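Asks:
Residue numbers (the working numbering): 7 to 592.
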């Protein structure tokens, strides 16, 4: 087949040469110009011409109808097993050759070994690859050190890369020493195969009945992520058996204290999320809704760790539990999901409404950037760049992330950073913002910004899945000034307040959008729609969600993100070398 392709290419070049000689206009066009041709080979050509140790893979490609794709221009990453690897695999399968398998099986074989993206080994992380295979399932990679041997890159816990980053014209080849195959066992089946050191977890999942769902549900598009806890993890919280677990859950879930079956059911479902979420996915998520009604898991990145359920408000702190990244059960792909192992114990907790003072710039993509809170940095985002702040409109709207160099009277943004947002009907017409986790209750929503423009008005809608939209009553004007002459109480009655602590100034504003009712604990959506205006951008800093029966005026925040309360000495409000302007007593 390669000879046929080469013949076709030679014929085309000959035809072009004849055309150039025959038509002087073409000859004139070519004069004085430099043209480059490439002798780079395609995936199949590389194997045939330079490395015959992968030739069995090409035989499978021919029978499965994939040779054309391996020869065409494109972006592919191919994990190709050696001939010896395929021979060992066939022996274990009890067949002489892969050619004995039906075409449908060979198609799946090819699709699981090919990613339609170019992924260098330098882009591998300990976890799933950024792009799924053609089969729609993810491959995982990790660096493995065994004894005194050199570290190796292991793919899917099945094969080691023996030669990496082979560049070809249509992608990259990673040569591997064993055949890759999807895990045929469901999450439920893999739970049953956990060792005895997970005995309590296994018994709870079985008793609750959730194990049957995880075992038998194989429907397309139905995925489960299960958080696994070992007996050692339970013991870290003083839990050694079912009885001590029940006693712990009675305190966490007082509404069900007399119903042991309900407690076990809530606990087991709390450890299951109904989507496919590897560590890489969870590290980009602030929270996930579990199968336990109205219960969420929260996630926080801390250096190289992913922390689950660290809970912090201005008055409360609960230490979180790290994901056990080096566990053989973490990022373990299953037929219908993935498993994640935890270093400690987590449980569902009943909480009342808590004030959340949230910086809008705390978006997962930004927190991973080198520009995050780096003074003097800025970065422009386009629609679709941010997973939890969607926006759109006319004329290619953008949002700019900015970090100030230093404090200034007109630069008092919390933690120095903010979004420059050109909200107006002629440009950025709408935004949909994923909220932080809100517990059940009634909250006032405060938006904190530095004014900009004139008559740039918008409305706000609060959305909860499965519930009616709540359109908030107060229409914003991003160009309005804060009244520095009124008392805090008068401003509050007018729906305004001071939120920055160091110096009161008319251009830094906080306005109450109105009250919302959060009907179940979770992450919800704020929808912002531009109504009028056609002038400059404003600068958005914080969004505060404060229960209606709690203090709306205090705390305020200084430029370092510290909560400031009445009577705080000026030198304790950052920056310490600047004078205070405004009332710090009430």
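Note that beta-carbon positions come from the ideal geometry of N, C-alpha and C, so glycine has one too.
All values derive from a computational prediction rather than experimental measurement.
Where does residue 126 sit, in a helix, a strand or coil, going by DSSP?
Replies: The residue you call residue 126 lines up with position 120 of the chain shown. Looking at residue 126 - three-state DSSP - the assignment turns out to be coil, as it is neither helix nor strand.
Asks: Let's test the definition: count the other Cβ atoms within 10 Å of the Cβ of residue 190 and tell me whether it reaches 16, buried, or not, exposed.
Replies: Locating residue 190 in the chain shown gives position 184, where the first residue counts as 1. So residue 190 counts as exposed.
Asks: What's the gap between the Cα of residue 408 and the Cα of residue 395?
Replies: Here residue 408 is taken as the residue at index 402 of the chain shown, counted from 1. Here residue 395 is taken as the residue at index 389 of the chain shown, counted from 1. Going by the C-alpha atoms only, they are around 16 angstroms apart.
Asks: What are the boundary residues of the beta strand (DSSP E) that includes residue 536?
Replies: In the chain shown, the residue the question calls residue 536 occupies position 530. Residue 536 -> beta strand (DSSP E) spans 531-538.
Asks: Would you grab the beta carbon distance between residue 464 and residue 537 for me? Rounded to a whole angstrom, and I think it's under 8 angstroms.
Replies: Taking the first residue of the chain shown as 1, we reach residue 464 at position 458. Taking the first residue of the chain shown as 1, we reach residue 537 at position 531. With a Cβ gap of about 6 angstroms, residue 464 and residue 537 count as contacting.
Asks: In whole angstroms, what is the alpha-carbon distance linking residue 500 and residue 487?
Replies: Walking along the chain shown from the start, residue 500 turns up at place 494. Walking along the chain shown from the start, residue 487 turns up at place 481. When rounded, the distance between both Cα atoms is 13 angstroms.
Asks: How is residue 406 classed by DSSP in three states: helix, strand or coil?
Replies: By 1-based counting over the chain shown, the position of residue 406 is 400. Of the three classes helix, strand and coil, the one that applies to residue 406 here is strand, per DSSP.
Asks: What is the residue span of the beta strand (DSSP E) that residue 234 lies within?
Replies: The residue you call residue 234 lines up with position 228 of the chain shown. Taken as a continuous stretch (DSSP letters only), the beta strand (DSSP E) holding residue 234 covers 230-235.
Asks: Take the Cβ of residue 199 as the centre, count every other Cβ of all protein chains shown within 10 Å, and call the residue buried at 16 or more, exposed below.
Replies: Within the chain shown, residue 199 is the residue found at index 193, counting from 1. Exposed, since its Cβ has fewer than 16 Cβ neighbours within 10 Å.
Asks: In the DSSP assignment, what are the bridge partners of residue 317?
Replies: Looking up residue 317 in the chain shown gives position 311. Partner(s): 324.
Asks: Does the pairing of the stretch 100-117 with the stretch 45-56 give three or more beta-carbon distances under 8 angstroms?
Replies: Cβ pair count under 8 angstroms is below three, so no.
Asks: Do the stretch 324-344 and the stretch 273-285 touch if we need at least three Cβ pairs shorter than 8 angstroms?
Replies: Contact holds: three or more Cβ-Cβ distances are below 8 angstroms.
Asks: Have a look at 400, 437, 205, 150 and flag the residue whose alpha-carbon is nearest the alpha-carbon of residue 332.
Replies: Residue 332 sits at position 326 when you count from the first residue of the chain shown. Of 400, 437, 205, 150, the residue nearest in Cα terms is 150.
Asks: Exposed or buried, residue 294, counting other C-beta atoms within 10 Å across all chains shown (16 or more means buried)?
Replies: Your numbering for residue 294 matches position 288 in the chain shown. By the neighbour-count rule (16 or more Cβ atoms within 10 Å), residue 294 is buried.
Asks: I need the straight-line Cα distance from residue 578 to residue 269, nearest angstrom please.
Replies: Working through the chain shown from its first residue, we reach residue 578 at position 572. Working through the chain shown from its first residue, we reach residue 269 at position 263. If you take the alpha carbons of residue 578 and residue 269, they lie about 46 angstroms apart.
Asks: Leaving out five residues on either side along the sequence, give the residues of the same chain with a beta carbon under 7 angstroms from the beta carbon of residue 418.
Replies: As a first step, residue 418 is located in the chain shown; it is residue number 412 there, counting from the start. So the list reads 506, 508, 509, 514, 565, once near-sequence residues are dropped.
Asks: Quick check on the burial criterion: 16 or more other C-beta atoms within 10 angstroms. Buried or exposed for residue 323?
Replies: Here the question's residue 323 lines up with position 317 in the chain shown. The residue is exposed, with fewer than 16 neighbouring Cβ atoms inside 10 Å.
Asks: Does the stretch 46-65 come into contact with the stretch 168-178, if we say contact requires no fewer than three beta-carbon pairs (one atom in each stretch) closer than 8 angstroms?
Replies: Contact between the stretch 46-65 and the stretch 168-178 is present, because at least three Cβ pairs lie under 8 angstroms.
Asks: Since residue 55 is in the alpha helix (DSSP H), which residue starts that stretch and which ends it?
Replies: For the purposes of this step, residue 55 is taken as residue 49 along the chain shown, with counting starting at 1. Per DSSP, residue 55 belongs to the alpha helix (DSSP H) from 49-56.
Asks: Mind checking which residues open and close the beta strand (DSSP E) that includes residue 308?
Replies: Locating residue 308 in the chain shown gives position 302, where the first residue counts as 1. Looking at the DSSP string, the run of the beta strand (DSSP E) that includes residue 308 is 302-308.
Asks: For residue 338 and residue 347, what's the separation of their Cα atoms in angstroms?
Replies: Against the chain shown, residue 338 aligns to sequence position 332. Against the chain shown, residue 347 aligns to sequence position 341. So the alpha carbons of these two residues sit roughly 9 angstroms apart.
Asks: Whole angstroms are fine: how far does the CA of residue 153 sit from the CA of residue 375?
Replies: By one-based count along the chain shown, residue 375 stands at place 369. By one-based count along the chain shown, residue 153 stands at place 147. About 36 angstroms.
Asks: Taking a contact to mean a Cβ-Cβ separation below 8 angstroms, would you say residue 365 touches residue 399 in this structure?
Replies: Here the question's residue 365 lines up with position 359 in the chain shown. Here the question's residue 399 lines up with position 393 in the chain shown. No, the pair does not count as a contact, with Cβ atoms beyond the cut-off.
Asks: Mind checking which residues open and close the alpha helix (DSSP H) that includes residue 77?
Replies: One-based indexing of the chain shown puts residue 77 at position 71. Unbroken alpha helix (DSSP H) run through residue 77: 73-77.
Asks: With a CB to CB cut of under 6 angstroms and the five nearest residues on each side skipped, what residues in its chain are close to residue 76?
Replies: Residue mapping note: residue 76 aligns to position 70 of the chain shown, counting from 1. Contacts found: 49, 50, 67.
Asks: Note down, in chain order, each residue of its chain lying with its Cβ closer than 6 angstroms to the Cβ of residue 236, except the 5 sequence neighbours on either side.
Replies: Against the chain shown, residue 236 aligns to sequence position 230. The residues are 203, 204.
Asks: Around the Cβ of residue 543, are there at least 16 other Cβ atoms within 10 angstroms (buried) or fewer (exposed)?
Replies: Position 537 of the chain shown holds residue 543. When all chains shown are included, residue 543 counts as buried.
Asks: Quick check: the Cα distance between residue 261 and residue 356, rounded to an integer number of angstroms?
Replies: The sequence position of residue 261 within the chain shown is 255, counting from 1. The sequence position of residue 356 within the chain shown is 350, counting from 1. One C-alpha to the other measures close to 9 angstroms.
Asks: Look at the alpha carbon of residue 497 and the alpha carbon of residue 439, and state the distance between them as a whole number of angstroms.
Replies: The residue given as residue 497 occupies position 491 in the chain shown. The residue given as residue 439 occupies position 433 in the chain shown. The straight-line gap from Cα to Cα measures roughly 27 angstroms.
Asks: Out of 166, 556, 263, 462, point me to the one whose CA is closest to residue 541's CA.
Replies: Counted from its first residue, the chain shown places residue 541 at position 535. When only C-alpha atoms are compared, the closest one is 462.
Asks: Assess, as a yes-or-no matter, whether the stretch 178-195 is touched by the stretch 216-235 under the definition of 3 or more beta carbon pairs within less than 8 angstroms.
Replies: Touching, per the Cβ criterion.
Asks: Per DSSP, which residues does residue 438 bridge with? Please list them.
Replies: Counting from 1 along the chain shown, the entry for residue 438 is found at position 432. Its beta-bridge partners are 396, 533.
Asks: With a cut-off of 8 angstroms on the beta carbons, I'd call residue 404 and residue 530 a contact; round off their distance for me.
Replies: Taking the chain shown and counting its residues from 1, the one referred to as residue 404 is at position 398. Taking the chain shown and counting its residues from 1, the one referred to as residue 530 is at position 524. Contact flag wrong, Cβ pair sits at about 25 angstroms.
Asks: To which residues does DSSP link residue 550 through a beta bridge?
Replies: For the purposes of this step, residue 550 is identified with residue 544 of the chain shown, where counting begins at 1. Its beta-bridge partners are 363, 452.
Asks: Skipping 5 residues on each side, what residues in its chain have a beta carbon closer than 7 angstroms to that of residue 217?
Replies: Locating residue 217 in the chain shown gives position 211, counting from the first residue. For residue 217, where only same-chain residues beyond five positions count, the Cβ hits under 7 angstroms are 194, 197, 211.
Asks: Looking at C-alpha atoms only, which residue of 308, 219, 126, 516 is the closest neighbour of residue 489?
Replies: The sequence position of residue 489 within the chain shown is 483, counting from 1. Ranking 308, 219, 126, 516 by Cα distance to residue 489 puts 516 first.
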